[in-house]
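S.K.: Pasting a structure below so you can have a look.
Numbering (the numbering used here), first residue to last: 3 to 89.
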(Lines of atoms letter the chains of each structure in order from A; the text may use other names.)
(Lines give C-alpha, C1' and ligand atoms only; values in the text may rest on other atoms or scores of the structure.)
Protein backbone atom coordinates (compact mmCIF):
# COMPACT_ATOMS: atom_id res chain seq x y z
CA UNK A 3 0.00 0.00 0.00
CA UNK A 4 2.77 2.44 0.90
CA UNK A 5 4.38 1.89 -2.49
CA UNK A 6 1.17 2.86 -4.28
CA UNK A 7 0.97 6.09 -2.29
CA UNK A 8 4.62 6.86 -3.02
CA UNK A 9 4.22 6.18 -6.74
CA UNK A 10 1.23 8.53 -6.87
CA UNK A 11 3.23 11.21 -5.03
CA UNK A 12 0.67 11.34 -2.21
CA UNK A 13 3.19 11.42 0.65
CA UNK A 14 5.04 14.61 1.51
CA UNK A 15 8.83 14.79 1.24
CA UNK A 16 9.12 15.52 4.96
CA UNK A 17 7.18 12.36 5.82
CA UNK A 18 9.31 10.32 3.41
CA UNK A 19 12.49 11.71 5.00
CA UNK A 20 11.14 10.89 8.47
CA UNK A 21 10.49 7.31 7.37
CA UNK A 22 13.95 6.98 5.84
CA UNK A 23 15.57 8.29 9.03
CA UNK A 24 13.58 5.79 11.09
CA UNK A 25 14.62 2.90 8.85
CA UNK A 26 18.28 4.00 8.96
CA UNK A 27 18.20 4.25 12.76
CA UNK A 28 16.70 0.76 12.94
CA UNK A 29 19.38 -0.61 10.59
CA UNK A 30 22.18 1.00 12.60
CA UNK A 31 20.83 -0.66 15.75
CA UNK A 32 20.78 -4.01 13.96
CA UNK A 33 24.37 -3.57 12.79
CA UNK A 34 25.76 -2.37 16.13
CA UNK A 35 26.87 -5.53 17.90
CA UNK A 36 28.57 -3.55 20.68
CA UNK A 37 31.76 -5.52 20.16
CA UNK A 38 34.36 -4.28 17.65
CA UNK A 39 35.68 -7.80 17.00
CA UNK A 40 32.23 -9.10 16.07
CA UNK A 41 31.61 -6.07 13.85
CA UNK A 42 34.97 -6.59 12.12
CA UNK A 43 34.17 -10.27 11.56
CA UNK A 44 30.77 -9.41 10.05
CA UNK A 45 32.37 -6.78 7.83
CA UNK A 46 35.00 -9.20 6.56
CA UNK A 47 32.32 -11.84 5.92
CA UNK A 48 30.38 -9.29 3.88
CA UNK A 49 33.51 -8.35 1.92
CA UNK A 50 34.08 -12.04 1.21
CA UNK A 51 30.52 -12.40 -0.08
CA UNK A 52 30.98 -9.38 -2.35
CA UNK A 53 34.20 -10.82 -3.77
CA UNK A 54 32.33 -14.02 -4.68
CA UNK A 55 29.35 -12.19 -6.20
CA UNK A 56 29.02 -11.20 -9.84
CA UNK A 57 29.93 -7.62 -10.69
CA UNK A 58 26.47 -6.86 -12.04
CA UNK A 59 23.21 -8.30 -10.76
CA UNK A 60 19.66 -7.87 -12.05
CA UNK A 61 20.97 -6.70 -15.41
CA UNK A 62 17.69 -7.34 -17.23
CA UNK A 63 15.77 -5.08 -14.87
CA UNK A 64 18.49 -2.43 -15.12
CA UNK A 65 18.35 -2.52 -18.91
CA UNK A 66 14.56 -2.19 -18.89
CA UNK A 67 14.77 0.85 -16.62
CA UNK A 68 17.51 2.31 -18.79
CA UNK A 69 15.30 2.22 -21.84
CA UNK A 70 12.33 3.74 -19.98
CA UNK A 71 14.11 7.09 -20.22
CA UNK A 72 13.66 8.66 -23.66
CA UNK A 73 16.85 9.20 -25.62
CA UNK A 74 15.89 12.88 -26.05
CA UNK A 75 16.47 13.31 -22.31
CA UNK A 76 20.07 12.17 -22.68
CA UNK A 77 20.58 14.46 -25.67
CA UNK A 78 19.31 17.45 -23.69
CA UNK A 79 21.27 16.65 -20.53
CA UNK A 80 24.55 15.38 -21.97
CA UNK A 81 24.72 17.38 -25.17
CA UNK A 82 28.09 16.94 -26.91
CA UNK A 83 29.18 14.50 -24.18
CA UNK A 84 26.52 11.99 -25.20
CA UNK A 85 27.72 8.49 -25.89
CA UNK A 86 25.90 5.19 -25.58
CA UNK A 87 27.65 4.07 -22.40
CA UNK A 88 26.90 7.32 -20.56
CA UNK A 89 23.19 6.70 -20.13
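Glycine included, C-beta positions come from ideal geometry on N, C-alpha and C. Keep in mind that this is a model prediction, so the values were computed, not measured.
Mind checking which residues open and close the alpha helix (DSSP H) that includes residue 26?
M.R.: Its alpha helix (DSSP H) spans residues 15–33.
S.K.: Helix, strand or coil for residue 145, going by three-state DSSP, please let me know.
M.R.: Nothing can be reported for residue 145: it is not among the residues displayed for the chain, which extend from 3 to 89.
S.K.: Could you give the DSSP three-state label for residue 84: helix, strand or coil?
M.R.: DSSP, read as helix, strand or coil, puts residue 84 in coil.
S.K.: Whole alpha helix (DSSP H) runs in the stretch 54–80 with 4 or more residues, listed along the chain?
M.R.: 61–70, 73–80
S.K.: Using DSSP with H/G/I as helix, E/B as strand and the rest coil, what is residue 7?
M.R.: The answer is helix: DSSP assigns residue 7 an H, G or I state.
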